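Residue numbers (the working numbering), protein chains in the order written: chain F, 1 to 255; chain V, 256 to 349.
Note that the Cβ used here is the ideal one computed from N, Cα and C, for glycine as well.
Since the structure is predicted, the reported quantities are computational estimates derived from the model, not experimental observations.
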Amino acid sequence: MTATDSNEAVLQYAVRLGDDALVLGHRLSEWCSNGPFLEEDLALTNVALDYIGRARMFYSYAAELSGDGRSEDSFAYLRDCREFTNLLLHELPRGDFAFTMARQYLVDEYALAFMQALLESEDERLAGIAAKAVKESKYHLRRSRDWMLRLGDGTAESHCRLQTAVDDLWGYTPELFELDALETSLVAAGVAVDSAALRPDWEAAVRATLEEATIELPQADWSVRGGRQGIHTESLGHMLSDLQFMQRAYPGLEW
Amino acid sequence: MSEHMKLYEVFIRSRRGLDHKHVGSLHAEDPAQALEYARDVYTRRSEGVSIWVVNSSDIVASQEGDCESFYDPLDDKPYRHATHYQLPDEVNNM
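What follows is the structure, encoded as structure tokens:
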């Protein structure tokens with residue numbers, strides 16, 4: 001790889017991680033004022049803010065690498081659906097509370113291991129972002145795992161909703177562990193995380209939690225992918241129309 | 256949901272060397288959850304180094320009607336206050 005190629009590759013990688021964080025952060029922020037009770041409402045929006053902060057750090061770094069005047073806002077507000085490269089799991093509508101917490105748990109187990117691995121990146125900026133993210137994700141995981149046990153082992157209604165959520169989410173999880181050419185080359189360069197290598201530990205942890213929560217491990221008989229290539233579910237476009245409305249309607253607006 | 260949940264009082268120590276201070280209350284299912292919510296509700300701007308949560312029902316409170324017998328007899332005992340000492344400037348929290 002030449003220096004320019006490698007610069008562009010790291011930029012794209014940072015945007016991917018920024019997209020993951022922004023899209024999930026926005027989904028979580030949709031709970032603001034809609035939480036099941038006040039305390040949980042605040043806790044969920046705290047997590048949302050952690051993710052949006054994470055998105056800003058990745059986007060700012062990508063903007064610096066671009067060197068063409070783009071800013072973090074260019075990435076968040078001025079790209080269309082097909083240019084977003086987040087994992088599909090992150091963009092699914094928030095669903096009911098069980099769905100939100102089940103998705104969060106599956107993501108948190110992944111995110112913590114991912115960020116711990118990113119700490120070792122040759123790229124100091126990415127490693128720096130990971131250092132902050134690791135602390136946040138430890139707390140996120142503590143919360144979401146706790147909710148898995150509460151809901152799974154709670155009432156018949158909460159158990160049923162959580163089981164349905166885990167079943168509906170399961171086919172989106174294989175994508176977390178797939179590497180395309182870009183990531184494979186960045187792994188070889190010591191920059192990116194080899195997410196495929198995270199799978200055995202992730203599966204073991206999730207299996208243990210589901211068992212403790214009395215939730216059945218879903219059949220792995222379907223799976224969907226495409227987010228990293230910009231092929232999304234129908235819900236991302238709707239979400240972006242909400243997230244980007246102000247900048248689209250009033251370009252350059254500041255407040 | 257919240258009407259079934261227990262009420263907890265939250266105490267936060269803002270930095271080492273100071274006491275825990277009562278900052279408010281919240282609802283939670285159990286002490287572990289109360290501690291997590293206390294973190295989210297009361298330490299969002301990094302206010303603390305330590306949190307206590309206590310079941311509100313475990314707090315025994317003095318009553319308004321006890322005021323006279325509890326506190327009035329102390330009014331004429333100024334010698335019980337440490338007010339006549341000259342404190343060095345370095346002692347901030349006395």
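A direct Cα-Cα distance of roughly 43 Å separates residue 66 (chain F) from residue 210 (chain F). In the structure shown, residue 308 (chain V) adopts extended strand secondary structure according to DSSP, grouped into three states. Residue pairing by DSSP puts residue 265 (chain V) in a beta bridge opposite V:279 and V:308. Residue-level contact check: residue 43 (chain F) touches chain V, since one or more beta carbons of chain V fall below 8 Å from its beta carbon. Residue environment analysis places residue 222 (chain F) among the exposed positions, since fewer than 16 neighbouring C-beta atoms fall within 10 angstroms of its C-beta. Among the residues of chain V, those whose CB is under 8 Å from the CB of residue 146 (chain F) are 287, 288 and 291, following chain order. Beyond the five residues adjoining it in sequence on each side, residue 35 (chain F) comes within less than 6 Å, by CB distance, of 41 and 44 in the same chain, given in chain order. Here the C-alpha atom of residue 330 (chain V) lies approximately 17 Å from the C-alpha atom of residue 319 (chain V). With respect to chain V, the C-beta atom of residue 161 (chain F) has no partner C-beta closer than 8 Å. Residues of chain F with a Cβ closer than 7 Å to the Cβ of residue 296 (chain V) are, in chain order, 39 and 42. Here DSSP, grouped into helix, strand and coil, assigns residue 176 (chain F) to helix.
The residue among V:290, V:270 and V:273 with its C-alpha nearest the C-alpha of residue 262 (chain V) is V:290.
The DSSP assignment places complete alpha helix (DSSP H) segments of no fewer than 4 residues inside the stretch 167-234 of chain F at 181-188 and 199-212, in order along the chain. In this structure residue 13 (chain F) is in contact with residue 192 (chain F), their Cβ atoms being roughly 6 Å apart against a cut-off of 8 Å.
Rounded to the nearest whole angstrom, the C-alpha separation of residue 93 (chain F) and residue 166 (chain F) is 14 Å. For the C-beta of residue 46 (chain F), the chain V residues within less than 7 Å are, from N- to C-terminus, 295 and 299.
Counting only Cβ-Cβ distances below 7 Å, residue 143 (chain F) has contacts in chain V at 291, in chain order.
One alpha carbon belongs to residue 185 (chain F), the other to residue 81 (chain F), and they sit about 25 Å apart. For the stretch 268-287 of chain V, the residues whose beta carbon sits under 8 Å from a beta carbon of chain F are, in order, 281, 282, 283, 284 and 287.
Across the set F:18, F:116 and F:98, the C-alpha of F:98 shows the shortest separation from the C-alpha of residue 148 (chain F). If you ignore the 5 residues before and after residue 104 (chain F), its C-beta comes within less than 6 Å of the C-beta of 144, all in its own chain and listed in chain order.
Here DSSP, grouped into helix, strand and coil, assigns residue 274 (chain V) to coil. At least 8 Å separates the beta-carbon of residue 64 (chain F) from that of residue 206 (chain F).
Pairing residue 229 (chain F) with residue 267 (chain V), the inter-Cα distance amounts to about 47 Å. In this structure, the straight-line span from the alpha carbon of residue 100 (chain F) to that of residue 28 (chain F) is close to 8 Å. Look at residue 285 (chain V) here: in three-state DSSP terms it is coil, with no helix or strand label.
Judged by DSSP secondary structure, residue 33 (chain F) falls outside any alpha helix (DSSP H); it is assigned neither H nor E. Residue 174 (chain F) has its alpha-carbon roughly 38 Å from the corresponding atom of residue 297 (chain V). Below 8 Å, enough C-beta pairs join the stretch 13-27 of chain F and the stretch 230-245 of chain F to call them touching: three or more.
Excluding its 5 nearest sequence neighbours in each direction, residue 48 (chain F) has C-beta neighbours in its own chain below 6 Å: 25, 28 and 29, listed in chain order.
For the 8 Å CB-CB criterion, residue 214 (chain F) and residue 152 (chain F) form a contact. Here residue 157 (chain F) carries a helix assignment [DSSP, helix/strand/coil]. Listed in chain order, the non-local C-beta contacts of residue 133 (chain F) below 6 Å within the same chain comprise 54 and 115, local neighbours out to five positions each way being set aside. For residue 147 (chain F), the enclosing alpha helix (DSSP H) begins and ends at 124-152. DSSP places residue 245 (chain F) in the uninterrupted alpha helix (DSSP H) bounded by 245-249.
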